[in-house]
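Engineer:
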């Protein structure tokens, strides 16, 4: 039976090795990460800027030093409302609600590709909408 399954089960036969192209892409990604510290530095600066721009507000940011900045809200309805309003202004910020998370929130994802003007505009929009 084992021999038959090993030779006939397509899900086993076709998933035993990582495709060479995927392995090469992963190696290239690791090399790019190792070679360019500038993007990590820009991302770190963007995180600090975003948190600083909202520090003097009543908005509750979750504790995070990562690219994902959770903005905690009182209700799922409010999370959806703000997410939709941000989309109308050109910002894609997902509303994450229970049961996925215990507290409704906006999942703000920053990247090194964002510039200070974009982050400032997002912070201003959050101040106005929340």
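In our numbering, the protein residues as written are 5 to 134.
Glycine included, every Cβ here is placed at the ideal spot set by N, Cα and C.
Could you pull out every unbroken alpha helix (DSSP H) segment of at least 4 residues lying fully inside the stretch 37-122, listed in chain order?
Structural biologist: 42-58 and 80-92
Engineer: Measure the C-alpha to C-alpha separation of residue 112 and residue 73 and round it to an integer number of angstroms.
Structural biologist: What you label residue 112 is simply residue 108 of the chain shown in a count that begins at 1. What you label residue 73 is simply residue 69 of the chain shown in a count that begins at 1. Take the alpha-carbon of residue 112 and the one of residue 73: they are about 5 Å apart.
Engineer: Please list the terminal residues of the continuous alpha helix (DSSP H) segment that includes residue 22.
Structural biologist: What you label residue 22 is simply residue 18 of the chain shown in a count that begins at 1. Per DSSP, residue 22 lies in no alpha helix (DSSP H) and is assigned neither H nor E.
Engineer: Specify, as a first and last residue, the run of the alpha helix (DSSP H) that residue 5 falls within.
Structural biologist: As a working mapping, residue 5 is identified with position 1 in the chain shown. The continuous stretches of alpha helix (DSSP H) do not include residue 5, and DSSP gives it neither H nor E.
Engineer: Among 115, 12, 14 and 104, whose alpha-carbon lies nearest the alpha-carbon of residue 80?
Structural biologist: Residue numbering aside, residue 80 sits at position 76 when the chain shown is read from its first letter. Checked all of 115, 12, 14 and 104; the closest Cα to residue 80 is 104.
Engineer: Does the beta-carbon distance from residue 46 to residue 116 come in below 7 Å?
Structural biologist: Mapped onto the chain shown, residue 46 falls at position 42. Mapped onto the chain shown, residue 116 falls at position 112. Yes.
Engineer: Is it the case that the Cβ atoms of residue 83 and residue 77 are separated by a distance below 7 Å?
Structural biologist: Here residue 83 corresponds to residue number 79 of the chain shown, with the count starting at 1. Here residue 77 corresponds to residue number 73 of the chain shown, with the count starting at 1. Yes; because the gap between Cβ atoms is below 7 Å, this pair is in contact.
Engineer: For a quick check, are the C-beta atoms of residue 127 and residue 26 less than 7 Å apart?
Structural biologist: In the chain shown, residue 127 corresponds to position 123, counting from 1. In the chain shown, residue 26 corresponds to position 22, counting from 1. Their beta carbons are not under 7 Å apart, which means residue 127 does not touch residue 26 by this criterion.
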